[in-house]
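Colleague: Just so you know, we're using this note's numbering here: the sequence shown kicks off at 357 and counts up by one.
Ideal Cβ positions, reconstructed from N, Cα and C, are used throughout, including at glycine.
Below: one structure in structure tokens.
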Amino acid sequence: MNAHNRFLTAAQSVADSLAAMAEPTVGGTRWETLNYAGDSQYSTAVFGGMTGVIFLFSDLFRITQETKAREVAEAAAMWVDRESTPDLTDATANPSLYSGLAGHGQMFLHLFEVTGRDRWLRCAMARARALGRVAYPDTHMLSGSSGSLVFLLRAYHATNDEGILATARALGDDILRCATRDASGVRWAWDRQAGSATPGGTFFGSGFGHGASGVAYALAELWSVTHEDALADAVTGTAAWIESVAIETPYGVGWGRWPDDSHDPRVQWCHGPPGIGLFAIRAAEIFDSSVLLDLACRCGEATRVAADIRENPSQCHGLSGNGELLLELARVTGDDSWLAHAADFGDAAMVYQHEVNNSVRWLGDEPGNYSPDFMLGASGLGHYFLRLAYPTDVHMPLMVVPRGARKES
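Take a look at the structure:
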């Protein structure tokens, strides 16, 4: 079986498994997922919840035009809309891309672009407008304003709505005001509570989920619309700071979660080369920067060498999230060797298909985790398989679609 058919079959296998797990309920369909602590829940979050599952079924419908995939996606979106509508008028609602309003909006917008149904555009726009009325806990991609900025830019590209762009500009200005600057470059504070094995306090992370690279990625995307010098300066300064805190690892270039982190360097989407490389390759494309391209390629090489370092196929910590960088490197550079490396990651992930109680299940973040969710569960892996089958047609659903692949309104 050739690579295209092999990965499309794998994506369909994940989708079939998840469709069988879906639970009809009042107002639509839902899935039971596991949160980060491993507890069962019914959640509208992307991270640990069910909203991200809809990305897989939406893109599967767009590629295959199979009615069942659209029906699963829309039934699940109906439940998310029903459960999250009260957040539209709650000033204390979670605004983030991975756990709150922006994530719901990103999903609804994605579904509109796939189905053409105005209902989903109205749902997305309601979330975009609500983001102008909420407070943000931090600037980070996973939990704060830079993630919401990604959704606002995605919505602006789809609609040319100047009100959305104004909200995005204001958010960008606030992110710039929160930056820490010195001779080493630009970064943003990460205030974290102490855990059982990790310290609490204020840190400066470099990673995509909790640190400077994710914030700078969002600012680079905003610059591509506004061309404001302050944004370009922040992106350049962030890259300089990230380089200043880089360390050498057995895999190549690496980073701790923050400078002087006592734990081994991570190689995953949220911390380390895979996520930092995503920032660098997208920013290299936007600014036509050889410096950023070099950083991205070094991150890609470290990611390739580390391979299945976590024995984990998930988006947040494993093969599928790490492989996204390899696909982006192939797209931007035109070097098919990166595509071959991404396919190697996909083939390595095939071993995480298991039989559980006479049913096919795909492993998520850790042994025993068969949650459907996107970042820690099976749907993110399924979407990566679909990207491998259609690398020029299916894009990362939680980022701004690259300009060359975007359908301009």
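Using the rule of at least 16 other Cβ atoms within 10 Å of the residue's Cβ for burial, across every protein chain shown, is Ser765 buried or exposed?
Modeller: The predicted model places Ser765 with a pLDDT of 48, which falls under 50 and marks its position as unreliable; any figure quoted below should be read in that light. Flag for Ser765 reads exposed.
Colleague: Is it the case that the stretch 586 to 601 contacts the stretch 653 to 672, given that we only count it when at least three CB pairs across the two stretches are under 8 Å?
Modeller: no
Colleague: If you follow the alpha helix (DSSP H) that Asp589 is in, where does it begin and where does it stop?
Modeller: Segment 585 to 600, the alpha helix (DSSP H) holding Asp589.
Colleague: Measuring CB to CB, does Ser727 end up less than 8 Å from Leu453?
Modeller: no
Colleague: At what residues does the alpha helix (DSSP H) containing Val581 begin and finish?
Modeller: That run of the alpha helix (DSSP H) goes 568 to 582.
Colleague: In the DSSP assignment, find the unbroken alpha helix (DSSP H) run with Thr766 in it and report its ends.
Modeller: Since the first and last residues shown for the chain are 357 and 765, residue 766 lies out of range.
Colleague: Rounding to the nearest angstrom, what Cα-Cα distance links Asn450 and Asp620 in this structure?
Modeller: 32 Å
Colleague: Checking 8 Å against the spacing of the C-beta atoms, do Val623 and Ala662 come in under that value?
Modeller: Yes. Within cutoff.
Colleague: For the alpha helix (DSSP H) containing Ser414, list its first residue and its last residue.
Modeller: 409 to 420
Colleague: Could you tell me if Ala447 is buried or exposed, where buried requires 16 or more neighbouring beta carbons within 10 angstroms of its beta carbon?
Modeller: For Ala447, the number of other beta carbons within 10 angstroms of its own is below 16, and it is reported as exposed.
Colleague: Confirm, please, whether the CB-CB distance from Gly610 to Pro629 is below 8 Å.
Modeller: yes
Colleague: For Gly488, name the three-state secondary structure that DSSP assigns.
Modeller: helix
Colleague: Mind checking Met357: buried by the 16 CB within 10 Å criterion, or exposed?
Modeller: exposed
Colleague: With distances taken between CB atoms, is the gap from Met497 to Gly503 smaller than 8 Å?
Modeller: yes
Colleague: Would you mind working out which of Ser735, His697, Ala686, Thr689 sits nearest Gln709, comparing C-alpha positions?
Modeller: Ser735
Colleague: Could you tell me which of Gly528, His739, Pro758, Asn713 sits nearest to Phe417, measuring between CA atoms?
Modeller: His739
Colleague: Spatial neighbours of Ala486 within its chain, please: CB distance less than 6 Å, with the 5 preceding and 5 following residues excluded, ordered by chain position.
Modeller: Leu444, Leu457
Colleague: When we look at the beta-carbon of Asp644 and count the other beta-carbons within 10 Å, is it buried (16 or more) or exposed?
Modeller: Asp644 is exposed by the Cβ-count criterion.
Colleague: Taking the alpha carbon of Asp729 as the reference point, which residue from Gly570, Ile419, Glu422, Ser373 has its own alpha carbon closest?
Modeller: Measuring C-alpha to C-alpha distances from Asp729 to each of Gly570, Ile419, Glu422, Ser373 identifies Ser373 as the nearest.
Colleague: Output yes or no for whether 8 Å exceeds the beta carbon distance between Thr471 and Val436.
Modeller: no
Colleague: Name the two residues that bound the continuous beta strand (DSSP E) containing Thr537.
Modeller: Sequence check: residue 537 is Arg here, not Thr. Per DSSP, Arg537 belongs to the beta strand (DSSP E) from 536 to 538.
Colleague: Can you round the beta-carbon distance between Gly702 and Phe403 to whole angstroms, since I take them to be within the 8 Å contact cut?
Modeller: Not quite, the Cβ-Cβ distance comes to about 22 Å (not below 8 Å), so this is no contact.
Colleague: Out of Asp650, Trp625, Gln368, His627, point me to the one whose CA is closest to Ile637's CA.
Modeller: Asp650
Colleague: Going straight from the alpha carbon of His627 to that of Glu604, what length do you get?
Modeller: 15 Å
Colleague: Could you check if Asp721 is buried or exposed, using at least 16 other CB atoms within 10 Å of its CB as the buried criterion?
Modeller: Buried, since its Cβ has 16 or more Cβ neighbours within 10 Å.
Colleague: Thinking C-alpha only, which one of Glu430, Gln397, Ala761 is nearest Leu412?
Modeller: Glu430
Colleague: Exposed or buried, what is Asn713 when buried is set at 16 or more other beta-carbons lying within 10 Å of its beta-carbon?
Modeller: exposed
Colleague: For the alpha helix (DSSP H) holding Trp694, just list the boundary residues, first then last.
Modeller: 692 to 705
Colleague: In the stretch 598 to 680, which residue ranges form an unbroken beta strand (DSSP E) of at least 3 residues, counting only runs that do not cross its ends?
Modeller: DSSP runs (the beta strand (DSSP E)) wholly in the stretch 598 to 680: 603 to 605, 608 to 610.
Colleague: Just mark Asp692 as buried or exposed, buried being the case when its beta carbon has 16 or more other beta carbons within 10 Å.
Modeller: Result: exposed.
Colleague: Give the straight-line distance between the Cα atoms of Leu465 and Glu518, rounded to the nearest whole angstrom.
Modeller: 17 Å
Colleague: Could you name the residues of the same chain whose beta carbon sits closer than 7 Å to that of Ile598, not counting the 5 residues immediately before and after it, in chain order?
Modeller: Ser562, Ala568, Ser569, Ile632
Colleague: What's the call for Ser455, buried or exposed, on a 16-neighbour Cβ count within 10 Å?
Modeller: buried
Colleague: Verify whether the separation of the beta carbon atoms of Leu634 and Thr659 is less than 8 Å.
Modeller: no
Colleague: For Leu742 and Ala432, which I take to be in contact (beta-carbon distance under 8 Å), what is that distance rounded to the nearest angstrom?
Modeller: Actually they do not touch by this definition, with Cβ atoms about 17 Å apart.
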